[in-house]
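Reading through the structure tokens given below for one structure.
Residue numbers (our numbering): 20 to 84.
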């Protein structure tokens, strides 16, 4: 997945606003992989790696939102 995690919106009347972009598809992937793993399904390594990396940024993204 590609895209910017954050961007500044300078059009806001009170100055720059920080917008946090986090793909809903990525959130769904993380949740689905977690649920499937809990039910005993083997998660392919590339998917596991993406979801582990996404979890790190998700916590930070939610904090910034």
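All residues carry an ideal CB built from backbone N, CA and C; glycine is no exception.
Rounded separation between residue i and residue j - CA only
i	j	result
residue 30	residue 78	27 Å
residue 34	residue 66	39 Å
residue 68	residue 51	14 Å
residue 55	residue 63	11 Å
residue 59	residue 53	10 Å
residue 57	residue 36	38 Å
residue 61	residue 32	50 Å
residue 47	residue 82	19 Å
Selection from the options that minimises the alpha carbon distance to residue i
i	options	result
residue 73	57, 32, 49	49
Rounded Cβ spacing between residue i and residue j (contact assumed at less than 8 Å)
i	j	result
residue 44	residue 28	That belief does not hold up - the Cβ atoms of residue 44 and residue 28 are roughly 23 Å apart, past 8 Å.
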